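**Q** Heads up: the sequence shown is residues 3 to 367, going by my numbering.
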Amino acid sequence: MTNQSRLSRRMILGGCIGLAGLASNLGALSTSLQSVHASSLSSQSDTMSGMSGMSMSSKAIGDTPSMVGLPFQKGDVAASANGFDPLKMLTDFDPGKASRLSNGQTFRDYSLIATNKNLLLGPQIQLPGVVYNGRLPGPFIRATQGDRIRISFANQSNVTHSINFAGLQPSNPAGKPQDVTLEPVPKGGQAVYEFNANHFGVYTYQAFTSPMADTTFRGLFGMLIVDPPTPRPKALELAMVMSGSPLEIKPNVAPVNNIYAINAVAFQFFKHPINIKVNQPVRIYLANATEFDRINSLHLHGNLFNVYRSGTSLTPNEFTDTVILCHGQTAILEFMYKLPGQYMFHAHQAIFSDEGWTSTFNVTA
Ligand SMILES: [Cu+2]
């Protein structure tokens, strides 16, 4: 990213440039947010004029105001405001309604209902979302290799779309002459997607419609976990989806993300660290739903982890402290802390960390 675009990102974040567009595109913004932004802009303007005029200004690039203290880093988003608790969501896996088919196969029935829903990504940062089952990200659907999966989709949102279940879903199931992802479901419509969980792994599902990027960042994205026939070793299992959202959308201008998070709410697990125990095996199911940036990443402090890319192997691909995923990619990360303490984990793109994708593990004996 060039310095110019990096600066303009920060201008949008810190300045009032974004406010008109934000108010019209992303809904309500309080006056207190505007006033914080306005004071931040005036100091940034000083810096900019000093740079452009190449004068003997005492301001230097390093004087650019710190991101620390931006509005969405202060305060809290109550679980009741969004209707879901990001902490509970970490361990909230949806096994569907299970039954046994006559051939002995386990059949799992899931329901996805798309609705329009305003969500808070941070205090006072409202996203006019479109989500599955009232949450962002969508349910963490879970099955075991060999299961038959049926997803009943009801579209109650104003976004006409189909859902694609990535590598697991045959494009042309019996009786369907064309790719089922090209059969959009309008508002009030329904569809049934049925397929076998042929191979264990971590998959994503997302809305197919145009423009896809728009519906993804608004929330029509989820994770589908297929366990191996012999379960992975016991661990504290946490599901995390990395995402970003622009605070402003202008016609004919590529959107730029200004707020980042895992499981929707910026800085949620920085303000409320995730508690784990010393010597407790931890397993993260990680997916990247970030649009408008080419990659996202997870970097862990004070530890190394095994990476199982796509979760499709029982043998780790890498032992590292950072994993990078492009949009739609997934991984399983496994680690254990030997010493108590506070350990940050965050995007290794510093700008993403500054803008919300920063979290902490609180490790106790
Ligand atoms: Cu770090």
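Beta carbons are placed, not taken as given, at the ideal position from N, Cα and C, and that holds for glycine. Keep in mind the model is a prediction, meaning the values are calculated, not measured.
What do you get for Val280, buried or exposed, if any count of 16 or more other CB atoms within 10 angstroms of its CB means buried?
**A** The residue given as residue 280 occupies position 278 in the sequence shown. Classification for Val280: exposed.
**Q** Closer than 7 Å: is that where the CB of Met244 sits relative to any heavy atom of ligand 1?
**A** Residue numbering aside, residue 244 sits at position 242 when the sequence shown is read from its first letter. No; taking the cut-off as 7 Å, the Cβ of Met244 has no heavy atom of ligand 1 nearer than that.
**Q** State yes or no: is the C-beta of Met91 nearer than 7 Å to some heavy atom of ligand 1?
**A** The sequence position of residue 91 within the sequence shown is 89, counting from 1. It does not: the Cβ of Met91 is nowhere closer than 7 Å to a heavy atom of ligand 1.
**Q** For Asn364 and Gln344, I'd like the C-alpha separation in whole angstroms.
**A** Here residue 364 is taken as the residue at index 362 of the sequence shown, counted from 1. Here residue 344 is taken as the residue at index 342 of the sequence shown, counted from 1. Straight-line Cα distance between these residues: approximately 5 Å.
**Q** Express the C-alpha separation of Ser104 and Ala289 in angstroms, rounding to a whole number.
**A** As a first step, residue 289 must be located in the sequence shown, where it is residue number 287. As a first step, residue 104 must be located in the sequence shown, where it is residue number 102. Their backbone Cα atoms lie some 34 Å apart in a straight line.
**Q** Which class does Leu397 belong to by DSSP, given the choice of helix, strand or coil?
**A** Since the displayed the chain opens at 3 and closes at 367, residue 397 lies outside it and no answer follows.
**Q** Whole angstroms are fine: how far does the CA of Ala209 sit from the CA of Val243?
**A** Here residue 243 refers to the residue found at position 241 when the sequence shown is read from its first residue. Here residue 209 refers to the residue found at position 207 when the sequence shown is read from its first residue. About 16 Å.
**Q** If contact is defined by three or more beta carbon pairs under 8 Å, each pair taking one atom from either stretch, is the segment 154-168 in contact with the segment 237-255?
**A** Verdict: no, contact absent.
**Q** Pick out whichever of His329, Val325 and Pro342 has its Cα sitting closest to the Cα of Glu336.
**A** Reading the sequence shown from its first residue, position 334 is the one you call residue 336. Closest option to Glu336, Cα to Cα, is Val325.
**Q** Hey, would you say Thr206 sits closer than 8 Å to Met225, going by beta carbons?
**A** Against the sequence shown, residue 206 aligns to sequence position 204. Against the sequence shown, residue 225 aligns to sequence position 223. Yes.
**Q** Who are the Cβ neighbours of Met338 in its own chain at under 7 Å, not counting the five residues just before and after it?
**A** One-based indexing of the sequence shown puts residue 338 at position 336. Around Met338: Asn281, Gln282, Pro283 and Val284.
**Q** How is Thr206 classed by DSSP in three states: helix, strand or coil?
**A** In the sequence shown, counting from the first residue as 1, residue 206 sits at position 204. Residue state, collapsed to three classes: strand.
**Q** Please classify Thr218 as buried or exposed, where buried requires at least 16 neighbouring CB atoms within 10 angstroms.
**A** As a working note, residue 218 is residue 216 in the sequence shown. Looking at its Cβ environment, which holds 16 or more other Cβ atoms inside 10 Å, Thr218 is buried.
**Q** How many angstroms separate the CA atom of Pro213 from the CA atom of Leu222?
**A** As a working note, residue 213 is residue 211 in the sequence shown. As a working note, residue 222 is residue 220 in the sequence shown. Taking the straight line joining both Cα atoms gives about 12 Å.
**Q** Please list the terminal residues of the continuous alpha helix (DSSP H) segment that includes Gln270.
**A** On the sequence shown, residue 270 is found 268 positions in, with the first residue counted as 1. Residues Gln270 to Lys273.
**Q** Here's the rule I'm using: 16 or more other beta-carbon atoms within 10 Å means buried, otherwise exposed. How should Val194 be labelled?
**A** On the sequence shown, position 192 is the one that residue 194 refers to. Val194 is exposed by the Cβ-count criterion.
**Q** Can we count Met346 as close to ligand 1, meaning its CB is less than 7 Å from some heavy atom?
**A** By 1-based counting over the sequence shown, the position of residue 346 is 344. Result yes, Cβ under 7 Å from ligand 1.
**Q** Short of 6 Å in beta carbon distance, which residues of its chain neighbour Phe271, apart from the five on each side in sequence? Order them along the chain.
**A** Numbered from 1 along the sequence shown, position 269 holds the residue referred to as residue 271. Cβ within range, chain order: Ser361.
**Q** What do you reckon, is the C-beta of His301 under 7 Å from a heavy atom of ligand 1?
**A** In the sequence shown, residue 301 corresponds to position 299, counting from 1. Result yes, Cβ under 7 Å from ligand 1.
**Q** Would you call the segment 345-360 and the segment 289-303 touching, i.e. three or more CB-CB distances under 8 Å?
**A** As far as the Cβ criterion goes, the segment 345-360 touches the segment 289-303, which means the pair count is three or higher.
**Q** Go through the segment 246-321 residue by residue and report every complete run of the alpha helix (DSSP H) that reaches 4 residues or more, in order.
**A** Listed in chain order, they are 270-273.
**Q** So, for Lys90: in the same chain, excluding its five sequence neighbours on each side, which residues have a beta-carbon less than 7 Å away from its beta-carbon?
**A** As a first step, residue 90 is located in the sequence shown; it is residue number 88 there, counting from the start. Closer than 7 Å at the Cβ level, and outside the excluded window around Lys90, lies no residue.
**Q** Nearest to Ile278 by CA position, among Leu238, Ala168, Pro257 and Phe202, is which residue?
**A** Here residue 278 refers to the residue found at position 276 when the sequence shown is read from its first residue. Among Leu238, Ala168, Pro257 and Phe202, the Cα nearest to that of Ile278 is on Leu238.
**Q** Starting from Ala83, follow the alpha helix (DSSP H) in both directions and report where the run begins and ends.
**A** Along the sequence shown, read from residue 1 onward, the residue named residue 83 stands at position 81. From DSSP, the alpha helix (DSSP H) with Ala83 extends over Ala81 to Asn84.
**Q** Between Thr162 and Val187, is the Cβ-Cβ spacing less than 8 Å?
**A** To locate residue 162, count along the sequence shown from 1; it is residue 160. To locate residue 187, count along the sequence shown from 1; it is residue 185. In this structure, Val187 lies closer than 8 Å to Thr162 by Cβ.
**Q** Here's the rule: buried if 16 or more other CB atoms are within 10 angstroms of the residue's CB, otherwise exposed. What is Gln321?
**A** The sequence position of residue 321 within the sequence shown is 319, counting from 1. Sequence check: residue 321 is Phe here, not Gln. Answer is exposed; the Cβ neighbour count stays below 16.
**Q** Counting only the same chain and skipping the five closest in sequence on each side, list residues whose C-beta sits under 6 Å from that of Ala333.
**A** Stepping through the sequence shown from its first residue, residue 333 is reached at position 331. Hits under 6 Å: Leu288, Val309, Arg311 and Val325.
**Q** Taking 8 Å as the cut-off, decide whether the C-beta atoms of Pro97 and Arg144 are in contact.
**A** Along the sequence shown, one-based indexing puts residue 97 at 95. Along the sequence shown, one-based indexing puts residue 144 at 142. Yes. Within cutoff.
**Q** Helix, strand or coil for Phe363, going by three-state DSSP, please let me know.
**A** As a working note, residue 363 is residue 361 in the sequence shown. Three-state result, Phe363: strand.
**Q** Write down the C-beta distance between Tyr262 and Gly131 rounded to the nearest angstrom, noting that I regard them as a contact closer than 8 Å.
**A** Position 260 of the sequence shown holds residue 262. Position 129 of the sequence shown holds residue 131. So it is not a contact: roughly 16 Å between Cβ atoms.
**Q** Taking 8 Å as the threshold (C-beta atoms), are Phe294 and Pro257 in contact?
**A** Against the sequence shown, residue 257 aligns to sequence position 255. Against the sequence shown, residue 294 aligns to sequence position 292. Yes.
**Q** Can you tell me whether DSSP reads Met338 as helix, strand or coil?
**A** The residue given as residue 338 occupies position 336 in the sequence shown. Looking at Met338 - three-state DSSP - the assignment turns out to be coil, as it is neither helix nor strand.
**Q** Classify Pro233 as helix, strand or coil using the three-state DSSP reduction.
**A** Working through the sequence shown from its first residue, we reach residue 233 at position 231. Reduced to three states, the DSSP call for Pro233 is coil.
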